[in-house]
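S.K.: Here it is, the structure in full.
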Ligand code: SF4
Ligand code: SF4
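Numbering (the numbering used here), first residue to last: 661 to 1157.
Written out as C-alpha cells, the structure reads:
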C-alpha cells in the first residue's frame, strides 16, 4: 500500500513540474522574447526599429555590469582603430583673406544656377550670388562682404577648371536679416514646409554629406530614422568631436529641426565610445529635448562612412550600390546639423565651414569663410606650400593639392601637411594585413593583381566595384603598395567596360 501511495505522489509531482515548465515555455513562445527578468512589456525595444534612449545606468556597487549581446552583434570586423583621442584641439577663427573664390557649381549637382550679380557689384556675407529657381539646392551665397572683381574659370586644388565668383574682401559685415547674436534659440516656430524651404534655400548642400537630403526633399523618399554622425574615426582628429564639445546644444536643436522636416520623432547622435566626456555632456543636454538621443559607438575607421555607421548602430546592412535613404535611414554629419540650426533659426545661409589642419600629429581647427584659399590658412600656422606636401582630405584617402591658391569648399574639412619623404613600394609579401583591414572583406591584393593583368572576370568575381575607397588596405600594407589607387582604378575600369 505504502509503495502504491509513494508511486502516486511521485507521478503527481512529476506531472505538476512538467505542466509548469510547459506553461513557462508557452509564454515565452507567445511573446517571442527571452525572459530578461524585466517586467512584461519593458523589453520590446528592437534596435532595428527604435533608437533606445541612452541613459547611463546607476549601478549598485554589488551589481556586475552585464554585456549587452545586441551591442556585441553590431561590432564591425575589419576596419582600423586609431588611438587619436585628443581631448580638445583649438578651434580658431581664420579671419578674412584678401580674396575669396566661390565656385558656382556644386560637385554633385548638375544644375547650374543663374547669376544674380555682375562684375563690379558690392555684396555682403549672406547675399545671393546665383540661384536656380527650380532647384534651390544649387543656390550660391557670398561668404564675405566686398566687391565682385571677376566671374571666370579658376583652377581648383587638383588642377581642374571651375567657374567661380571672385570677391575682394572690404568689410566684415553680413546681411542685416542674419541673426549674429550668440543667444541660442530653442523654439522652432516653423511648419514642416517652411523648414524644408529654408533648408533648400540655405546653400548647405555644398557641405560634405548634406547631398543625401536632396532625394528626400525633391524625390519624396520617406525617412524613418535620422542619425547624426558625431564621430571622428580617422587617424587625425577632425571637427565633429570638437563641435560636440563646443556647440552641442545647437547641434541637438538642428537634429530636432531635421526630425520635423522629415516628419519623424527620433534622431540619434552617434558619439565615440572612447569619449565619455562628450557622451556625458550631450546625453545631459538631450534630456531637455524630446526626440533626440545619443548612442555611443566604437570609432573604427571607416565606421564614419554612412553605411557602416548604420551597421554599427542598428545591425542593418546596406547592400552594395544602395543608399541609406533606400532603407529609410538618413545619416548627416554634426556640421550639417549645426548649419541647419543656423539656416532655420538664425536665417544664416552657409558662409563658413570648418577645416582641421594637421602637421606632425598636431591639429588645429579653423572656422573659415567658404572660398578661402588653401595657402591663406597654411600661413596662419606659418606653413609654406613650397616646403611640404599638402594633402586635402584624410591621410588615408586624401589627394595631393596641386594648386595651393585654390579655394576651400564645403566638401573640404581636413588638410594634412607632410614633409616629403621618398616612399618606395615593394612586392606583396602575402601577409594578409590588407585582407584583415578591409571592412567589406574584399581581397585588395587580389584586386590589385587582377587589375594589373586586366582580368575583368576576376575583378568581377572579387567584387572590386563594391570598394568604398576607405584606404584602410593601403594604410596597413607593409610593402607600401598603393592599394587604394589600384582599387580606384579597378572601379574606373568597371565603369569603362
Ligand atoms: S579601399 Fe576598398 S579594398 Fe581597400 S580596405 Fe577600403 S574598401 Fe577594402
Ligand atoms: S598588406 Fe600588402 S604585402 Fe600584405 S598581402 Fe596585402 S598587398 Fe600584400
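Quick reminder that beta carbons are idealized off the backbone N, C-alpha and C, glycines included.
Just reading off the beta strand (DSSP E) that residue 1098 is part of, what are its end residues?
M.R.: As a position in the chain shown, residue 1098 is number 438, starting the count at 1. Residue 1098 -> no beta strand (DSSP E), and no H or E assigned at all.
S.K.: In whole angstroms, what is the alpha-carbon distance linking residue 763 and residue 1092?
M.R.: One-based indexing of the chain shown puts residue 763 at position 103. One-based indexing of the chain shown puts residue 1092 at position 432. Residue 763 and residue 1092: Cα-Cα distance of roughly 43 Å.
S.K.: Does DSSP put residue 1142 in a helix, a strand or coil?
M.R.: Walking along the chain shown from the start, residue 1142 turns up at place 482. Of the three classes helix, strand and coil, the one that applies to residue 1142 here is coil, per DSSP.
S.K.: Below 6 Å CB to CB, which residues in the same chain sit around residue 915 once its five sequence neighbours on both sides are set aside?
M.R.: For this step, residue 915 is matched to residue 255 along the chain shown. If we look at residue 915 and ignore the five residues flanking it on each side, its Cβ neighbours are 888, 927, 952, 997.
S.K.: Would you mind working out which of 1145, 836, 1108 sits nearest residue 1008, comparing C-alpha positions?
M.R.: Translated into the one-based positions of the chain shown, residue 1008 becomes position 348. Nearest option by C-alpha distance: 836.
S.K.: Taking the beta strand (DSSP E) that residue 806 belongs to, which residues open and close that run?
M.R.: On the chain shown, position 146 is the one that residue 806 refers to. Residues 805-815.
S.K.: For the pair the stretch 1092-1111 and the stretch 1127-1147, tell me if three or more CB-CB distances fall below 8 Å.
M.R.: Remark: three or more beta-carbon pairs, one from each stretch, lie closer than 8 Å, so the stretch 1092-1111 and the stretch 1127-1147 are flagged as touching.
S.K.: Kindly provide the ranges of any beta strand (DSSP E) runs that are 3 or more residues long and lie completely inside the stretch 942-1016, ordered along the chain.
M.R.: 952-957, 989-993
S.K.: Using the DSSP secondary-structure output, state which residues sit across from residue 1023 in a beta bridge.
M.R.: Within the chain shown, numbered from 1, the residue matching residue 1023 stands at position 363. Under DSSP, residue 1023 shares a beta bridge with 1018.
S.K.: Measure how close the beta-carbons of residue 1073 and residue 890 come, nearest whole angstrom, since I'm counting them as under 8 Å.
M.R.: Numbered from 1 along the chain shown, position 413 holds the residue referred to as residue 1073. Numbered from 1 along the chain shown, position 230 holds the residue referred to as residue 890. Not really, about 14 Å apart at Cβ, beyond 8 Å.
S.K.: Between the alpha carbons of residue 769 and residue 854, how many angstroms are there, rounded?
M.R.: Locating residue 769 in the chain shown gives position 109, where the first residue counts as 1. Locating residue 854 in the chain shown gives position 194, where the first residue counts as 1. For residue 769 and residue 854, the distance between alpha carbons rounds to 23 Å.
S.K.: First and last residue of the alpha helix (DSSP H) that includes residue 916?
M.R.: As a first step, residue 916 is located in the chain shown; it is residue number 256 there, counting from the start. That run of the alpha helix (DSSP H) goes 908-922.
S.K.: Pull up the CB-CB distance for residue 786 and residue 1011, whole angstroms please, since I reckon it's below 8 Å.
M.R.: Here residue 786 refers to the residue found at position 126 when the chain shown is read from its first residue. Here residue 1011 refers to the residue found at position 351 when the chain shown is read from its first residue. The distance from the Cβ of residue 786 to that of residue 1011 is about 6 Å, consistent with a contact at the 8 Å cut-off.
S.K.: Could you tell me which residues DSSP pairs with residue 785 in its beta bridges?
M.R.: Counted from its first residue, the chain shown places residue 785 at position 125. Paired residues: 834.
S.K.: Output the distance between the C-alpha atoms of residue 880 and residue 1020, rounded to the nearest integer angstrom.
M.R.: The sequence position of residue 880 within the chain shown is 220, counting from 1. The sequence position of residue 1020 within the chain shown is 360, counting from 1. Going by the C-alpha atoms only, they are around 46 Å apart.
S.K.: Cβ of residue 1090 versus every heavy atom of ligand 2: is any distance shorter than 7 Å?
M.R.: Taking the chain shown and counting its residues from 1, one reaches residue 1090 at position 430. Yes, the beta carbon of residue 1090 sits closer than 7 Å to at least one heavy atom of ligand 2.
S.K.: Quick one: grab the DSSP three-state call for residue 885.
M.R.: In the chain shown, counting from the first residue as 1, residue 885 sits at position 225. Three-state DSSP puts residue 885 in a strand.
S.K.: The alpha helix (DSSP H) that contains residue 1034, what's its start and end?
M.R.: Here residue 1034 is taken as the residue at index 374 of the chain shown, counted from 1. Membership of residue 1034 in the alpha helix (DSSP H) is indicated by the continuous run 1034-1040.
S.K.: Three or more C-beta pairs closer than 8 Å, one from the stretch 1033-1040 and one from the stretch 981-988: is that the case here?
M.R.: no
S.K.: Comparing the CB of residue 1093 with every heavy atom of ligand 2, is any distance shorter than 7 Å?
M.R.: On the chain shown, residue 1093 is found 433 positions in, with the first residue counted as 1. Yes, since a heavy atom of ligand 2 falls inside the 7 Å radius drawn around the Cβ of residue 1093.
S.K.: For a test of the three-state rule: what should DSSP assign to residue 895, helix, strand or coil?
M.R.: Against the chain shown, residue 895 aligns to sequence position 235. Reduced to three states, the DSSP call for residue 895 is coil.
S.K.: Counting pairs of Cβ atoms below 8 Å between the stretch 1052-1063 and the stretch 778-797, do you hit three or more?
M.R.: In short, these stretches do not touch, since the Cβ pair count stays below three.
S.K.: Taking the alpha-carbon positions, what's the residue 825 to residue 968 distance?
M.R.: Residue mapping note: residue 825 aligns to position 165 of the chain shown, counting from 1. Residue mapping note: residue 968 aligns to position 308 of the chain shown, counting from 1. Residue 825 and residue 968 have their C-alpha atoms some 37 Å from each other.
S.K.: So, under 8 Å CB-CB, residue 1042 and residue 749 are touching, yes? Tell me the CB distance rounded to an integer number of Å.
M.R.: Stepping through the chain shown from its first residue, residue 1042 is reached at position 382. Stepping through the chain shown from its first residue, residue 749 is reached at position 89. Residue 1042 to residue 749, Cβ: 17 Å. No contact.
S.K.: Would you give the residue range spanned by the beta strand (DSSP E) that residue 1051 belongs to?
M.R.: The residue given as residue 1051 occupies position 391 in the chain shown. First-last of the beta strand (DSSP E) with residue 1051: 1049-1052.
S.K.: Touch check for the stretch 936-949 and the stretch 903-923: three-plus C-beta pairs under 8 Å?
M.R.: yes
S.K.: Tell me which residues share the same chain as residue 1129 and place their Cβ nearer than 7 Å to its Cβ, disregarding the 5 neighbours each side in the sequence.
M.R.: Numbered from its first residue, the chain shown carries residue 1129 at position 469. If we look at residue 1129 and ignore the five residues flanking it on each side, its Cβ neighbours are 1057, 1144, 1147, 1148.
S.K.: From the DSSP output, in three-state form, read off residue 1069 for me.
M.R.: Counting from 1 along the chain shown, the entry for residue 1069 is found at position 409. If DSSP states are grouped into helix, strand and coil, residue 1069 belongs with coil.
S.K.: Can you give the beta carbon distance from residue 868 to residue 993, rounded, assuming they're within the 8 Å contact cut?
M.R.: As a first step, residue 868 must be located in the chain shown, where it is residue number 208. As a first step, residue 993 must be located in the chain shown, where it is residue number 333. That pair is a contact at about 7 Å.
S.K.: Taking 7 Å as the limit between beta carbons, can you name the residues of its chain near residue 840, skipping five residues before and five after?
M.R.: Counting from 1 along the chain shown, the entry for residue 840 is found at position 180. The answer, listed in chain order, is 834.
S.K.: Would you mind working out which of 925, 1131, 942, 795 sits nearest residue 932, comparing C-alpha positions?
M.R.: The residue labelled residue 932 in the question sits at position 272 within the chain shown. The shortest C-alpha to C-alpha distance from residue 932 to any of 925, 1131, 942, 795 is the one to 942.
S.K.: By a C-beta neighbour count over all protein chains shown, 10 Å radius and 16 as the cutoff for buried, is residue 902 buried or exposed?
M.R.: Taking the first residue of the chain shown as 1, we reach residue 902 at position 242. By the neighbour-count rule (16 or more Cβ atoms within 10 Å), residue 902 is buried.
S.K.: Cutting at 8 Å between CB atoms, please list the residues of its own chain near residue 1138, excluding the five before and the five after it.
M.R.: Walking along the chain shown from the start, residue 1138 turns up at place 478. Once the five neighbours on either side are set aside, the close Cβ partners of residue 1138 are 1089, 1091, 1093.
S.K.: Using CA atoms only, rank isn't needed, just tell me which of 848, 938, 921, 858 is closest to residue 886.
M.R.: What you label residue 886 is simply residue 226 of the chain shown in a count that begins at 1. Taking only the C-alpha atoms, the option nearest residue 886 is 921.
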